[in-house]
Amino acid sequence: MTNWQERIRLEITNTIRKRSEEGQLIQLKEILTELVKKGVLNSEDDESQFELVFRQCIEKNEDLKEISERNGTLYYYSTQSVGETYAKILLKMRENPFSLIAEIVRENSEIYPRPIPLEIFKESPFDLTHEEILAFLNKMAEQEEYQDIAQTTTSVGTIFLYSTRYLEPLYASSLAEWLDVGQANNP
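Counting from 28, one number per residue, gives the positions in the sequence shown under our numbering.
Here is the structure:
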């Protein structure tokens, strides 16, 4: 491997790892753009050799992984900072946030059983604003496959989500009240 190829391989590795440290996935074209910005690649000849060096880089670094959307779009991440489950959540957020929100609400309602605060979707890996969450929920309410996703509001105004497939409305409301108010007042 030439010095040029070694430098490209190092830059590719660092770019993927840095993006993973930020809790994000990255596409090949984004990596290429980063390397052009840094002046590491600057000609069409460089770009044509880039893909070969890129494949070698992925093969030689066990922490660099590839994940694919259903449409075939590929993303990359480093397992040093992002686990496989987290990467799948990030990918689902890109593909279909409605499905991901419903899946998480249903899972919590079925397995634990508990409603979850709407605010959970403001945190990583979702990183949604309150307005985005409400917009998603409004759109979900219009679609038949999400009719089981319901809301309850506690006495202090916190909105919780649950699935009517697994939790009865009164039970979900009492659980939400306990989680939000009762637990804090009963040490």
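Note that the Cβ used here is the ideal one computed from N, Cα and C, for glycine as well.
Label residue i either buried or exposed according to how many other C-beta atoms from any shown protein chain fall within 10 Å of its C-beta, with 16 as the threshold for buried.
i: D154; result: exposed
i: S190; result: buried
i: K92; result: buried
i: E204; result: buried
i: A114; result: buried
i: L37; result: exposed
i: I43; result: buried
i: I58; result: buried
i: S95; result: exposed
i: I138; result: exposed
i: E61; result: buried
i: G127; result: According to the sequence displayed, residue 127 carries Leu and not Gly. So L127 ends up on the buried side.
Which residues share a DSSP beta bridge with residue i?
i: P144; result: F187
i: T179; result: F187
i: S200; result: DSSP, once it has assigned bridges, lists no residue as partnering S200.
i: A103; result: Inspection of the sequence shows that residue 103 is occupied by Tyr rather than by Ala. According to DSSP, Y103 bridges with I53, E93.
With residue i and residue j assumed to form a contact (beta carbons below 8 Å), what rounded beta-carbon distance in angstroms separates them?
i: R46; j: I53; result: 4 Å
i: G50; j: S151; result: 5 Å
i: F77; j: L68; result: 6 Å
Please report how far the alpha carbon of residue i lies from the alpha carbon of residue j, in whole angstroms.
i: F163; j: T112; result: 22 Å
i: V109; j: P196; result: 36 Å
i: M167; j: Q174; result: 8 Å
i: K149; j: I160; result: 8 Å
i: E146; j: H157; result: 8 Å
i: E172; j: W31; result: 52 Å
i: K56; j: F125; result: 27 Å
Check whether the stretch 192 to 200 and the stretch 140 to 154 are in contact - that is, three or more C-beta pairs closer than 8 Å. yes
Are the stretch 105 to 119 and the stretch 179 to 188 in contact at 8 Å, needing three or more beta carbon pairs? no
Count the C-beta pairs between the stretch 124 to 132 and the stretch 78 to 98 that are closer than 8 Å, then say yes if the count reaches three, no if not. Pairwise C-beta distances place the stretch 124 to 132 out of contact with the stretch 78 to 98, as fewer than three of them are shorter than 8 Å.
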